[in-house]
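Engineer: Structure incoming, see below.
Residue numbers (the numbering used here): 1390 to 1708.
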């Protein structure tokens, strides 16, 4: 059992980390727990035979709803982050940011600044007077005065059904798009720009990137993110079937890919990829007694910057 936690943050994505960094200004004992092996949530990367597979967010773009100076400074002062211009559909340009050599490098500045307990999933939360008791997957309990839930909306809804049922109906209205991210390694270097972004008329492909090695050199691989529409239709297929369908589509769209032989493939499924409608601004992101709050893209908006803003916002509202 872990006692004397002033603020427990559940989830170590960008909103949870932002909440924790903000909370350090006012709270003494802060702890983050997360069910994953690494911090970052949906900003994530895998190392597959010296090839980084950014199977989560492909890049970082600024919020269209609200700009954050602290988030901009985070991008500006992180030596791992570069920026580039991508061409969107209708040939519109957009500035995006990307950490090198992998998306998870974005979180290097957070290392050793917060206390995180990984591989620890919150199973349920119970209220006991002025404290919360959180039952965890390691069969241990955490006692906390206040909690920030920075997990996807369906998980937050499940955790608070007993302690804050009033907001559950609102949270259940939140919707996400599914996403299929696929890595394909060929027998020779592929002939595409390092970063490509498009959504064709059929709505099949979304983004296409060259794979990156440890030393930030282009590899023989491409990272493909299928569109929301295509991912929704094909999500429940086995991964091998998804990869075959993707390869067939890719060879039709980009004909010179037919000359390459495929060496290896990998597919990752995101059930909660990007929020498509979020919590109404009229719904508070904290309980009436300011004991439990919510953070994440589903509380503010769809971008990484929105999630960052939500973490800072919820802590200020909990005070």
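Quick reminder that beta carbons are idealized off the backbone N, C-alpha and C, glycines included.
Everything numeric in this text was worked out from a predicted model, so none of it was measured.
What is the rounded straight-line gap between the Cα of residue 1698 and the Cα of residue 1407?
Structural biologist: In the chain shown, counting from the first residue as 1, residue 1698 sits at position 309. In the chain shown, counting from the first residue as 1, residue 1407 sits at position 18. About 8 Å.
Engineer: For residue 1515, count the other beta carbons within 10 Å of its own beta carbon; 16 or more makes it buried, fewer makes it exposed. Which is it?
Structural biologist: Numbered from its first residue, the chain shown carries residue 1515 at position 126. Residue burial annotation: residue 1515 is exposed, with fewer than 16 other C-beta atoms found within 10 angstroms of its C-beta.
Engineer: Quick check on this structure: which residue in 1567, 1569, 1648, 1541 has the alpha carbon closest to the alpha carbon of residue 1561?
Structural biologist: As a working note, residue 1561 is residue 172 in the chain shown. Residue 1541 is the option with its Cα nearest to residue 1561.
Engineer: Quick one, are the C-beta atoms of residue 1609 and residue 1579 less than 8 Å apart?
Structural biologist: Within the chain shown, the letter at position 220 stands for residue 1609. Within the chain shown, the letter at position 190 stands for residue 1579. For residue 1609 and residue 1579, yes; Cβs fall inside 8 Å.
Engineer: First and last residue of the beta strand (DSSP E) that includes residue 1421?
Structural biologist: One-based indexing of the chain shown puts residue 1421 at position 32. Segment 1419-1422, the beta strand (DSSP E) holding residue 1421.
Engineer: Can you tell me whether residue 1604 is buried or exposed? The criterion is at least 16 other CB atoms within 10 Å of its CB, across all chains shown.
Structural biologist: Counting from 1 along the chain shown, the entry for residue 1604 is found at position 215. Because residue 1604 carries a pLDDT of 44, less than 50, the predicted location of this residue cannot be relied on, and the following value inherits that uncertainty. Label assigned to residue 1604: exposed.
Engineer: Mind checking residue 1669: buried by the 16 CB within 10 Å criterion, or exposed?
Structural biologist: Here residue 1669 is taken as the residue at index 280 of the chain shown, counted from 1. Exposed is the call here.
Engineer: Threshold first: 3 residues or longer. Then list the beta strand (DSSP E) segments lying entirely within the stretch 1623-1704, N to C.
Structural biologist: 1651-1666, 1681-1683
Engineer: Label residue 1664 either buried or exposed according to how many other C-beta atoms from any shown protein chain fall within 10 Å of its C-beta, with 16 as the threshold for buried.
Structural biologist: Start at 1 with the first residue of the chain shown, and residue 1664 comes out as number 275. Buried: at least 16 other Cβ atoms inside 10 Å.
Engineer: Have a look at 1392, 1414, 1474 and flag the residue whose alpha-carbon is nearest the alpha-carbon of residue 1502.
Structural biologist: Here residue 1502 is taken as the residue at index 113 of the chain shown, counted from 1. Answer by Cα proximity: 1414.
Engineer: Could you please give the first and the last residue of the uninterrupted beta strand (DSSP E) stretch that includes residue 1557?
Structural biologist: Taking the first residue of the chain shown as 1, we reach residue 1557 at position 168. Counting along the chain, residue 1557 falls outside any beta strand (DSSP E), though it belongs to the alpha helix (DSSP H) covering 1554-1560.
Engineer: Any idea which residues DSSP pairs residue 1396 with across the strands?
Structural biologist: Reading the chain shown from its first residue, position 7 is the one you call residue 1396. BP columns for residue 1396 point to 1419, 1535.
Engineer: Using alpha carbons as the reference points, say which of 1445, 1511, 1636, 1704 lies closest to residue 1494.
Structural biologist: Translated into positions along the chain shown, residue 1494 becomes position 105. The candidate whose alpha carbon is nearest that of residue 1494 is 1445.
Engineer: Given a cut-off of 8 Å, decide if residue 1420 and residue 1535 are closer than it, judged by their beta-carbon atoms.
Structural biologist: Locating residue 1535 in the chain shown gives position 146, where the first residue counts as 1. Locating residue 1420 in the chain shown gives position 31, where the first residue counts as 1. Cβ distance not < 8 Å, so residue 1535 and residue 1420 don't count as in contact.
Engineer: Would you mind giving the Cβ-Cβ distance between residue 1573 and residue 1651, rounded to the nearest angstrom? I have them listed as a contact below 8 Å.
Structural biologist: Locating residue 1573 in the chain shown gives position 184, counting from the first residue. Locating residue 1651 in the chain shown gives position 262, counting from the first residue. Their Cβ separation, rounded to whole angstroms, is 6 Å, which keeps residue 1573 and residue 1651 in contact under 8 Å.
Engineer: Inspect the CB distances between the stretch 1521-1537 and the stretch 1620-1631 and report whether three or more fall short of 8 Å.
Structural biologist: With the cut-off at 8 Å, the stretch 1521-1537 and the stretch 1620-1631 do not touch.
Engineer: Residue 1488 by DSSP, collapsed to three states: which one?
Structural biologist: Taking the first residue of the chain shown as 1, we reach residue 1488 at position 99. In this structure, residue 1488 counts as strand in the three-state DSSP scheme.
Engineer: If we call anything under 8 Å between Cβ atoms a contact, is residue 1656 one with residue 1620?
Structural biologist: To locate residue 1656, count along the chain shown from 1; it is residue 267. To locate residue 1620, count along the chain shown from 1; it is residue 231. No, the pair does not count as a contact, with Cβ atoms beyond the cut-off.
Engineer: Just to confirm before moving on: does the CB-CB distance between residue 1491 and residue 1566 stay below 8 Å?
Structural biologist: Position 102 of the chain shown, counting from 1, holds the residue named residue 1491. Position 177 of the chain shown, counting from 1, holds the residue named residue 1566. Taking 8 Å as the cut-off, the Cβ atoms of residue 1491 and residue 1566 do not count as close.
Engineer: My output table needs one value for residue 1431: the three-state DSSP class, helix, strand or coil.
Structural biologist: Here residue 1431 refers to the residue found at position 42 when the chain shown is read from its first residue. DSSP places residue 1431 in coil when its eight states are reduced to three.
Engineer: What is the DSSP secondary structure of residue 1590, reduced to helix, strand or coil?
Structural biologist: Locating residue 1590 in the chain shown gives position 201, where the first residue counts as 1. Low confidence applies here, because residue 1590 scores a pLDDT of 49, under 50, leaving its location unreliable and the question unanswered by this model.
Engineer: When burial is assigned at 16 or more other CB atoms within 10 Å of the CB, is residue 1644 buried or exposed?
Structural biologist: Taking the chain shown and counting its residues from 1, one reaches residue 1644 at position 255. Its Cβ having fewer than 16 others within 10 Å, residue 1644 is exposed.
Engineer: Could you tell me the alpha carbon to alpha carbon distance between residue 1424 and residue 1431, rounded to whole angstroms?
Structural biologist: Residue 1424 sits at position 35 when you count from the first residue of the chain shown. Residue 1431 sits at position 42 when you count from the first residue of the chain shown. In a straight line, the C-alpha of residue 1424 is about 13 Å away from that of residue 1431.
Engineer: Using the Cβ count rule (16 or more neighbours within 10 Å means buried), how would you classify residue 1702?
Structural biologist: Counted from its first residue, the chain shown places residue 1702 at position 313. Answer is buried; the Cβ neighbour count reaches 16.
Engineer: Thinking residue 1659 and residue 1687 are a contact (beta carbons under 8 Å), I'd like their distance in whole angstroms, please.
Structural biologist: Within the chain shown, residue 1659 is the residue found at index 270, counting from 1. Within the chain shown, residue 1687 is the residue found at index 298, counting from 1. That pair is no contact at about 14 Å.
Engineer: Which of helix, strand or coil does DSSP assign to residue 1437?
Structural biologist: Looking up residue 1437 in the chain shown gives position 48. Looking at residue 1437 - three-state DSSP - the assignment turns out to be strand.
Engineer: Looking at the unbroken beta strand (DSSP E) that takes in residue 1566, where does it start and where does it end?
Structural biologist: Here residue 1566 is taken as the residue at index 177 of the chain shown, counted from 1. That run of the beta strand (DSSP E) goes 1564-1575.
Engineer: Could you pull the DSSP bridge partners for residue 1513 from this structure?
Structural biologist: Counted from its first residue, the chain shown places residue 1513 at position 124. 1524, per the DSSP bridge assignment.
Engineer: With a Cβ-Cβ cutoff of 8 Å, do residue 1526 and residue 1400 count as a contact?
Structural biologist: As a first step, residue 1526 is located in the chain shown; it is residue number 137 there, counting from the start. As a first step, residue 1400 is located in the chain shown; it is residue number 11 there, counting from the start. Not closer than 8 Å, so no.
Engineer: List the whole-angstrom C-beta distance separating residue 1506 from residue 1422, where the pair is believed to meet the contact cut-off of C-beta under 8 Å.
Structural biologist: Here residue 1506 refers to the residue found at position 117 of the chain shown. Here residue 1422 refers to the residue found at position 33 of the chain shown. Contact holds; Cβ gap of about 5 Å.
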